[in-house]
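Here's the structure, in structure tokens; my notes come after.
Residue numbers (full-length UniProt numbering), protein chains in the order written: chain C, 1 to 257; chain F, 1 to 257.
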């Protein structure tokens with residue numbers, strides 16, 4: 001697929017994605033190298049980002065870090081469309097009932113963003129990065145959300161997937177996805193058996209917005225070695241209930257079976 | 001002062017500022033009108049912002065709202081540089097001890113951003129928008145932060161102020177600020193007597209970062225009709241203590257008196 005020429009705005013915004021919990025500060029050269037842009041372009045972008053509060057530059061070390069503008073935008077978004085506040089109690093209850101790591105993701109502009117993670121208080125558990133975007137093809141959340149998109153939108157997003165092979169069980173082509181989508185629609189949930197992480201079995205249901213489109217997914221990421229028929233049954237029952245309740249709480253519309 | 005020509009990146013980022021708790025959704029024409037740009041420019045900017053998760057477009061109404069990307073950036077920033085988590089207990093204690101609305105602001109890239117507000121549980125109190133940028137010239141927080149900047153940086157930011165006249169007591173020129181800066185440095189706190197809101201007396205101290213520069217301010221916004229000598233004394237004592245403690249908690253350096 002031909003890559004469209006990026007606008008300067010795209011470049012500037014994409015620079016923000018290089019900052020992470022693991023790497024919260026960067027110098028100009030480092031950032032230019034990571035992004036693959038020349039230093040002049042990066043400097044011009046960073047100046048505009050700094051003028052608008054998205055970036056701060058340490059006055060001594062001259063290294064860049066994220067600014068405070070995203071905090072205000074995040075609070076405006078959450079106060080106007082309180083999604084995280086609605087998700088949290090459902091995810092917490094799911095974790096209590098299954099005693100495995102539970103999480104919610106939100107589908108936004110073709111991406112699946114981890115929104116909230118709830119860890120069980122036990123020594124062996126799945127540990128998740130609460131700040132990551134999830135790959136659609138390798139996770140139960142991605143599969144169940146894609147399965148419930150209108151076919152034209154699904155075709156569009158599947159066309160953008162890179163099908164990175166995370167484990168021996170990762171599906172690596174659009175064709176391999178079709179039966180997974182069909183099964184997810186039929187069952188109302190998707191399961192990913194060690195296709196993203198070895199030793200993790202994910203189960204997910206979608207929740208739906210007022211337009212009847214999937215707004216995101218809630219999921220349980222369970223340790224594979226203790227995943228038996230009983231736990232499988234508990235997880236899918238709890239998820240199906242939670243998915244319905246969450247859709248209602250969001251004023252959403254469930255798909256007709 | 002001549003206004004510099006804005007880059008496309010500046011334009012795109014400035015569009016985000018039109019979204020607020022009061023106005024969380026907007027159509028293209030409305031946004032173009034508010035920003036004063038032509039529709040083609042706004043559409044190009046919004047497409048780039050949407051591709052990067054900063055904006056979502058409602059698939060039915062076609063209206064724009066803020067996306068989820070800022071939430072992730074805000075969490076990365078707060079996890080790497082946990083400023084809000086440090087500020088909150090200090091602001092809460094200040095509210096308990098003074099029984100008036102307390103808040104913290106952060107100085108970032110020449111702006112003063114409201115970071116955290118704590119309301120007392122009483123009927124008559126100052127109500128603050130926790131999402132607003134504060135005007136430097138009219139607020140105690142702005143005055144005390146500007147007062148402690150190096151003279152060259154202070155001259156630069158004062159040159160950008162618009163000196164909007166909020167009340168009859170708002171200072172409206174750079175010259176009117178000088179005695180306020182000098183007094184704030186001498187006392188260690190600034191007071192704004194109904195210069196931003198009629199009926200509100202603000203008192204603020206700066207807190208300092210590791211470079212010895214002001215990182216922000218903590219303040220008490222008190223109802224003017226009950227502001228007497230005793231409350232004034234309580235507020236300034238509590239603030240001076242809190243400012244020192246907060247500076248230490250941030251590994252900061254206090255200015256030499």
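Note that CB positions come from ideal geometry on N, CA and C, so glycine has one too.
Chain C contact residues for residue i, given Cβ-Cβ distances below 9 Å
i	result
residue 119 of chain F	By Cβ distance, chain C contributes nothing, its closest Cβ being about 15 Å from residue 119 of chain F, past 9 Å.
residue 250 of chain F	Those do not exist, as residue 250 of chain F stays about 14 Å from chain C at its closest Cβ, beyond 9 Å.
residue 127 of chain F	Residues of chain C passing the Cβ test: none, with the nearest at roughly 15 Å.
residue 141 of chain F	By Cβ distance, chain C contributes nothing, its closest Cβ being about 15 Å from residue 141 of chain F, past 9 Å.
residue 102 of chain F	Residues of chain C passing the Cβ test: none, with the nearest at roughly 18 Å.
Integer Cβ distance of residue i from residue j, believed to fall under 8 Å
i	j	result
residue 215 of chain F	residue 239 of chain F	In fact, because the Cβ distance is near 15 Å, the residues do not count as touching under 8 Å.
residue 80 of chain C	residue 53 of chain F	The Cβ separation is near 16 Å, so there is no contact.
residue 112 of chain F	residue 105 of chain F	5 Å
Residue i - containing beta strand (DSSP E), residue span
i	result
residue 118 of chain F	111-118
residue 202 of chain C	200-208
residue 193 of chain C	190-193
residue 185 of chain C	Element bounds for residue 185 of chain C: not the beta strand (DSSP E) but the alpha helix (DSSP H), 174-187.
residue 223 of chain C	214-223
residue 68 of chain C	No beta strand (DSSP E) contains residue 68 of chain C, which DSSP labels as neither H nor E.
First through last residue of the alpha helix (DSSP H) which encompasses residue i
i	result
residue 141 of chain F	140-147
residue 91 of chain F	83-98
residue 56 of chain F	Segment 55-57 is the beta strand (DSSP E) holding residue 56 of chain F; no alpha helix (DSSP H) there.
residue 256 of chain F	Premise fails: residue 256 of chain F is in no alpha helix (DSSP H) and is neither H nor E.
residue 243 of chain F	229-249
residue 105 of chain F	Counting along the chain, residue 105 of chain F falls outside any alpha helix (DSSP H), though it belongs to the beta strand (DSSP E) covering 101-108.
residue 20 of chain C	Premise fails: residue 20 of chain C is in no alpha helix (DSSP H) and is neither H nor E.
Contact list for residue i against chain C, beta-carbon separation under 8 Å
i	result
residue 8 of chain F	7, 8 and 9
residue 154 of chain F	Correct list: empty, because the minimum Cβ distance to chain C is about 14 Å.
Proximal chain C residues relative to residue i, where beta-carbon distance stays under 7 Å
i	result
residue 112 of chain F	Within chain C, no residue comes near residue 112 of chain F; the closest Cβ sits about 10 Å away, beyond 7 Å.
residue 211 of chain F	59 and 60
residue 14 of chain F	52
residue 271 of chain F	Nothing about residue 271 of chain F can be reported from this structure: the residues present for chain F run from 1 to 257 only.
residue 106 of chain F	68
Check: residue i C-beta below 7 Å from any heavy atom of the ligand GDP
i	result
residue 115 of chain F	Absent from the structure shown: the ligand GDP. Ligands present: none.
Beta-carbon neighbours of residue i, restricted to chain F and to distances below 9 Å
i	result
residue 24 of chain C	76, 77, 79, 80 and 81
residue 192 of chain C	Going along chain F, no residue has its Cβ under 9 Å from residue 192 of chain C, so there is no contact; the nearest lies around 22 Å.
Cross-chain neighbours of residue i in chain F, by beta carbon under 7 Å
i	result
residue 19 of chain C	76
residue 195 of chain C	Per Cβ cutoff of 7 Å: no residues; residue 195 of chain C is ~24 Å from chain F at best.
8 Å Cβ cut-off: residues of chain F touching residue i
i	result
residue 29 of chain C	By Cβ distance, chain F contributes nothing, its closest Cβ being about 20 Å from residue 29 of chain C, past 8 Å.
residue 283 of chain C	Chain C is shown from 1 up to 257; residue 283 of chain C falls before or after that span and cannot be answered.
Would you call the stretch 207-224 of chain C in contact with the stretch 155-164 of chain C, where contact means no fewer than 3 C-beta pairs closer than 8 Å? no
Is there contact here, the stretch 22-35 of chain C with the stretch 58-72 of chain C, by at least three beta-carbon pairs under 8 Å? yes
At a cut of 8 Å, does the stretch 95-105 of chain F reach the stretch 219-238 of chain F through at least three beta carbon pairs? yes
Counting only Cβ-Cβ distances shorter than 9 Å, please list the residues of the stretch 41-68 of chain F near chain C, keeping chain order. 44, 45, 47, 48, 49, 50, 51, 52, 53, 54, 55, 56, 57, 58, 59, 60, 65, 66, 67 and 68
Against chain C: residues of the stretch 85-97 of chain F by CB proximity under 7 Å: none
Is there contact here, the stretch 184-204 of chain F with the stretch 134-148 of chain F, by at least three beta-carbon pairs under 8 Å? yes
Check whether the stretch 83-93 of chain F touches the stretch 119-139 of chain F, counting contact only when three or more Cβ pairs, one atom from each stretch, lie closer than 8 Å. no
Along the stretch 223-241 of chain F, where does the CB come closer than 7 Å to a CB of chain C? Name the residues. none
Is the stretch 191-205 of chain F touching the stretch 71-82 of chain F, taking contact as three or more C-beta pairs under 8 Å? no
Hey, is the stretch 6-23 of chain F in contact with the stretch 32-51 of chain F, meaning 3+ C-beta pairs nearer than 8 Å? yes
contact_flag[the stretch 166-173 of chain F, the stretch 123-138 of chain F] where n(CB pairs < 8 Å) is 3 or more: yes
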